[in-house]
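Asks:
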Amino acid sequence: MPLLKSPPHLANTARILATRHATSPAAVRHRRCNSTVEPPPAGGHLPSIATSQILRTKRETALRTPGLSWADEDASAPSRTIVGGRETRKMNTYQAIRDAMGIALAKDESAVVFGEDVAFGGVFRCTMGLSEEFGRERVFNTPLTEQGIAGFGIGLAAMGHTAIAEIQFADYIFPAFDQIVNEAAKIRYRSGGSFNVGGLTIRTPTMSVLIAVEVVIPRSPIQAKGLLLSSIRDPNPVIFMEPKILYRSAVEQVPVDDFELPLGKAEVLVPGSDLTLLTWGTPVYHCETALHMLDSPPPSLEAVVPKSVQSAKIELIDLRSILPWDVETIVDSVNRTGRLVIVHEAGLTAGVGAEIGAEIQKRCFLKLSAPVKRVTGWDAPVALHYEKFHIPDAIRILDGVMETLAY
Amino acid sequence: MTAHGEEATIIGSAAALENDDESAILLNPMQDASQPKWLGQYREMGVLLWRGFSLDKVMAQCFGNQEDTSGKGRQMPVHFGSPEHHFHTISSPLATQIPQAAGVAYALKRTPSRKSKSIAACYFGEGAASEGDFHAGLMLASTIPSPTLFIARNNGFAISTPSTEQYNGDGIASRGPGYGIDTVRVDGNDILAVISAVREARRRCLEQGRAVLLEAMSYRVGHHSTSDDSFAYRARAEVEDRKRIDNPITRFRLFMESRGWWNADAETELKARLRDDVMKAFKRAEGLKRCELGELFTDVYGGPEPWNIREQREELTGLLKKYGSIWEPWRNELGKFKNKGQDLLGPK
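In order, the protein sequences belong to chains A and B.
According to UniProt numbering, numbering within the first sequence proceeds without interruption in unit steps and concludes at 407.
According to UniProt numbering, numbering within the second sequence proceeds without interruption in unit steps and concludes at 348.
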């Protein structure tokens, strides 16, 4: 029967291993032993977490943490900004987290804490004693269903309740991705502000996670065939993203035989020497339009495209592979042009353009004549009737190119 | 996207969950403790119409015009929502509403004024029941008991996939007992059977504070949506047979006529009136502008607007000032918005 109740599938095994590793007394002893036996390095100790000056280990400095504002019961009490009389207690991170949840539960009757194994205190001990203190109706275990936990939390929060969910390890969060990205992140927007899940908090222990996938976006039928075959035969998992709008609208003569196109390689579509225009997928075509408009502006735009920029030689590059991306080709181009404009449909913040921009300014810093410019979607979900003002089109690209040329 | 063929399931369940005192719901819905919370998939417009959501509101959402209170023109047609009608806004990804319903019902259970009075009613198709969210939702409603009524509309097709390829077991109902959930299967084309089953399901939900699964067997007469032609994967004759032999509207009409409550004249009159109402609302909605363009940037966050949103709105405003009247695609598009973008551009 126990076997039937918890089949030994991989996720469970990983869960058990990770739990054991994290909490095993043997592991703790091992670390301690290491720290006492090892001699100090020749150059002296570099700051570590244990000795960091960033950590505030004294009451006085702790109470003066910049930006700290008190949230007392009585908002009008005079002591809100006064430090005197405030207490501090030595806590590690999980204790501080547990403390925060204890306060939330005590002050907000609607608050609940739930997740896998939280009732006994959680595998990292962040919920220790909470179920005893506040009862199992408010601090409870869920079945092993990350998507369920997220959706359940969204439902609670949509009712105005405070939902504090725990995903046991960040590595297990992906089944909840749909609930998080399509639901939690968009409910307010897509309901026109009628609903929101502001009361939802998802906690999860995290560490650097290796992204062992590749991401490819083809711009045309030939590209799609060659890159897809390469992707299928590539030793890594590949996320192959096909621009919907090009399914029917892009037409080419495509070789009928088996062929591949290289992954991880960008393609220079138009060579140039004055500015690098980098993009992938559908915007390749908007860039092409923009370059035409720059070179020979239609009468309605003549007034806004100065003669001085019309002769600029723009290098247009299709990145094709988003991960891993062809840093060599882009660096080579920007070292020649000194200017980079990146165009993508996705939102600006934490978009792929941010990653490329950071890397290029590191590698080409002294060669740059203008800041790296990003022409992207806005940091809002793409809304149906607003789409034409959301996704970058030729005029926005033209504007970005002219601005960067004139910098 | 229509509910053609599933009218009895949708209207029957809405009618069964109706409060005894209808006017109380319509006049003061937020105060009405027994009003259920609704979580739909996308064929449940009938529930909203039954609860008094007007045809004008339906059309406003479908056209995404300035009167679209469901989502300000941001979502695709049929993504209705209305706090006033306790109807959570429809979301495109399938089945996400199922675990959410368990959370909604748990919140109802924890709200003293609604405990033992309200349930969460959650609709989904037999295809959506293959999503992980279905299993998550039933599991949560079962292990953390909450008064959730899961209504599976088994209409035979998930776009093109017939239900025979969707499961190899006994439909959706057979899964209920596995989760320890009381389950009933009903002829979804018999409105009286639906009403009876849903009433009993609601009674159990409230009495036990637990979930109930109801599977309504029906047939999707319409295409999946306007972008689908279902005769590519099923015979026209099959659909015509269904419409003739097992039509939920015809069945109920014949019942009403046999009781002397309805007749051909009344039928003709009703059809003409409804068509007229719909066309009137259609024409009205068609002529209305969209919301103001600035709504592109609202509702992204609650509370103070973050700097990135503010700056991006300013950036678009700057671009509109420069190109709004000389770049034809934008000039044409701006004309479709209320105030033609002047809310961003400011007075001339």
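A virtual CB, placed ideally from N, CA and C, is assigned to each residue, including glycine.
(1) Can you pull the chain B residues whose beta carbon is under 8 Å from the beta carbon of Val304/A, in chain order?
(2) With a threshold of 7 Å between beta-carbons, can Thr145/A be considered close to chain B, or not?
(3) Is it buried or exposed for Lys57/B, if we count other Cβ within 10 angstroms and need 16 for buried?
(4) Considering only the beta carbon of each residue, do Ala303/A and Arg339/A sit closer than 7 Å?
(5) Check the C-beta distance from Ala104/A over to Ala96/A and give it rounded, since I have them as a contact under 8 Å.
(6) Could you tell me whether any Cβ in chain A is nearer than 7 Å to the Cβ of residue 350/B?
(7) Quick one: list the residues of chain A neighbouring Trp330/B, beta-carbon separation under 9 Å, in chain order.
(8) Arg374/A versus chain B: which residues are under 9 Å apart at the beta carbon?
(9) In this structure, does DSSP put Val398/A in helix, strand or coil?
(10) Leaving aside the five residues before and after Arg74/B along the sequence, list all residues of the same chain whose C-beta is less than 6 Å from its C-beta, in chain order.
(11) When you compare only the Cα positions, how much space is there between Ile239/A and Ile330/A?
(12) Runs of 4 residues minimum, wholly inside the stretch 309-338 of chain B: which ones carry the alpha helix (DSSP H) assignment?
(13) Mind listing the chain A neighbours of Pro177/B? Cutoff is C-beta to C-beta under 8 Å, in chain order.
(14) Using a Cβ-Cβ cutoff of less than 8 Å, which residues in the same chain neighbour Met217/B once the five nearest sequence positions on both sides are dropped?
(15) By a C-beta neighbour count over all protein chains shown, 10 Å radius and 16 as the cutoff for buried, is Leu334/B buried or exposed?
(16) In the structure shown, what three-state DSSP assignment does Gly115/A receive?
(17) Taking Cβ-Cβ distances shorter than 8 Å, what residues in chain B pair up with His344/A?
(18) If we define contact as Cβ-Cβ less than 7 Å, is Phe134/A a contact residue for chain B?
(19) By DSSP's criteria, Thr148/B is part of a beta bridge. Which residues make up the other side?
(20) Does chain A have any CB closer than 7 Å to the CB of residue 352/B?
(21) Between the Cα of Ala235/B and the Cα atoms of Ser225/B, Arg220/B, Ile249/B, Pro248/B, which residue gives the shortest distance?
(22) Where Arg98/A and Phe124/A are concerned, what is the direct C-alpha to C-alpha distance, given to the nearest angstrom?
(23) For Leu274/B and chain A, any beta-carbon pair shorter than 7 Å?
(24) By the three-class DSSP mapping on this structure, what secondary structure does Ser321/A have?
(25) Under DSSP, the beta strand (DSSP E) around His344/A begins and ends at which residues?
(26) Along the chain, where does the beta strand (DSSP E) containing Gly377/A start, and where does it finish?
(27) At a CB-CB cut-off below 8 Å, which residues of chain B make contact with Thr142/A?
(28) Find the residues of chain A that neighbour Phe104/B, judging by a C-beta separation of less than 8 Å, and give them in chain order.
(29) Thinking C-alpha only, which one of Val215/A, Glu109/A, Ile187/A is nearest Ile164/A?
(30) Counting only beta-carbon atoms, is Phe169/A nearer than 7 Å to chain B?
(31) Within the same chain, show all residues whose beta-carbon is closer than 6 Å to that of Arg145/B, passing over the 5 residues directly before and after it, in chain order.
(32) Spatial neighbours of Gly153/A within its chain, please: C-beta separation below 7 Å, excluding the five flanking residues on both sides.
(33) Thinking just about the alpha-carbon of each residue, which of Asn335/A, Val305/A, Trp378/A is nearest to the one in Leu366/A?
(34) Closest by CA to Gly324/B, which one among Ala354/A, Ile360/A, Asp257/A, Ile395/A?
(35) Taking the Cβ atom as the reference point for each residue, do Phe114/A and Phe134/A lie within a distance shorter than 7 Å?
(36) On the three-state DSSP scale, how would you describe Met159/A?
Replies: By the coordinates alone:
(1) Translated into positions along the first sequence, residue 304/A becomes position 304. Those within 8 Å of Val304/A in chain B are Lys322, Tyr323, Ile326.
(2) Sequence index remark: in the first sequence, residue 145/A carries index 145 (1-based). Answer yes: the Cβ-Cβ gap between Thr145/A and chain B drops below 7 Å somewhere.
(3) Numbered from 1 along the second sequence, position 57 holds the residue referred to as residue 57/B. Burial call: buried.
(4) Against the first sequence, residue 303/A aligns to sequence position 303. Against the first sequence, residue 339/A aligns to sequence position 339. No. Outside cutoff.
(5) As a working note, residue 104/A is residue 104 in the first sequence. As a working note, residue 96/A is residue 96 in the first sequence. 13 Å between Cβ atoms; not a contact.
(6) Since the first residue of chain B shown is 1 and the last is 348, residue 350/B is not available in this structure.
(7) Translated into the one-based positions of the second sequence, residue 330/B becomes position 330. What Trp330/B touches in chain A: Lys388, Phe389, Asp393, Ile395.
(8) Within the first sequence, numbered from 1, the residue matching residue 374/A stands at position 374. Under the 9 Å cutoff, chain B gives no residues; its nearest Cβ is about 11 Å from Arg374/A.
(9) Here residue 398/A is taken as the residue at index 398 of the first sequence, counted from 1. This sequence places Leu at residue 398/A; Val is not what is there. Leu398/A: helix per DSSP, three-state reduction.
(10) Position 74 of the second sequence holds residue 74/B. The answer is none, since no qualifying residue turns up.
(11) Numbered from its first residue, the first sequence carries residue 239/A at position 239. Numbered from its first residue, the first sequence carries residue 330/A at position 330. Approximately 22 Å between the Cα atoms of the pair.
(12) 328-334
(13) Against the second sequence, residue 177/B aligns to sequence position 177. Within 8 Å Cβ-Cβ: nothing; Pro177/B doesn't reach chain A, min ~16 Å.
(14) Position 217 of the second sequence, counted from the first residue, corresponds to residue 217/B. Hits under 8 Å: Asn154, Gly171, Arg185, Val186, Asp187, Gly188, Asn189.
(15) Here the question's residue 334/B lines up with position 334 in the second sequence. The residue in question, Leu334/B, is buried, as its Cβ has 16 or more Cβ neighbours within 10 Å.
(16) As a position in the first sequence, residue 115/A is number 115, starting the count at 1. The answer is strand: DSSP assigns Gly115/A an E or B state.
(17) Position 344 of the first sequence holds residue 344/A. Result: empty, since nearest Cβ-Cβ is about 14 Å, beyond 8 Å.
(18) Taking the first sequence and counting its residues from 1, the one referred to as residue 134/A is at position 134. With 7 Å as the cut-off, Phe134/A does not count as an interface residue toward chain B.
(19) In the second sequence, counting from the first residue as 1, residue 148/B sits at position 148. Thr148/B pairs with Ala120/B.
(20) Given that chain B is displayed from residue 1 to residue 348, the structure contains no residue 352/B and the question cannot be resolved.
(21) Stepping through the second sequence from its first residue, residue 235/B is reached at position 235. Measuring from the Cα of Ala235/B, the nearest candidate turns out to be Arg220/B.
(22) Along the first sequence, one-based indexing puts residue 98/A at 98. Along the first sequence, one-based indexing puts residue 124/A at 124. For Arg98/A and Phe124/A, the distance between alpha carbons rounds to 10 Å.
(23) As a first step, residue 274/B must be located in the second sequence, where it is residue number 274. Chain A contact via Cβ: absent.
(24) Along the first sequence, one-based indexing puts residue 321/A at 321. Reduced to three states, the DSSP call for Ser321/A is strand.
(25) Working through the first sequence from its first residue, we reach residue 344/A at position 344. Unbroken beta strand (DSSP E) run through His344/A: 340-347.
(26) Sequence index remark: in the first sequence, residue 377/A carries index 377 (1-based). Run containing Gly377/A: 373-377, per the beta strand (DSSP E) assignment.
(27) The count along the first sequence starts at 1 and reaches residue 142/A at position 142. What Thr142/A touches in chain B: Leu140, Thr143, Ile144.
(28) For this step, residue 104/B is matched to residue 104 along the second sequence. Residue identity differs from the one stated: residue 104/B is Val in this sequence, not Phe. Chain A residues near Val104/B: Gly155, Leu156, Ala158, Met159.
(29) Position 164 of the first sequence, counting from 1, holds the residue named residue 164/A. Per the Cα distances, Glu109/A.
(30) As a position in the first sequence, residue 169/A is number 169, starting the count at 1. Not an interface residue.
(31) Numbered from 1 along the second sequence, position 145 holds the residue referred to as residue 145/B. Arg is not the amino acid found at residue 145/B; the sequence shown has Pro there. Contacts found: Gly209, Arg210.
(32) The sequence position of residue 153/A within the first sequence is 153, counting from 1. Here the set comprises Ala163, Ala165, Leu200, Ile202.
(33) Mapped onto the first sequence, residue 366/A falls at position 366. The shortest Cα separation from Leu366/A among Asn335/A, Val305/A, Trp378/A belongs to Asn335/A.
(34) In the second sequence, the residue the question calls residue 324/B occupies position 324. Looking at the Cα atoms, Ile395/A is the closest of the given residues.
(35) Here residue 114/A corresponds to residue number 114 of the first sequence, with the count starting at 1. Here residue 134/A corresponds to residue number 134 of the first sequence, with the count starting at 1. No; because the gap between Cβ atoms is not below 7 Å, this pair is not in contact.
(36) Numbered from its first residue, the first sequence carries residue 159/A at position 159. In this structure, Met159/A counts as coil in the three-state DSSP scheme.
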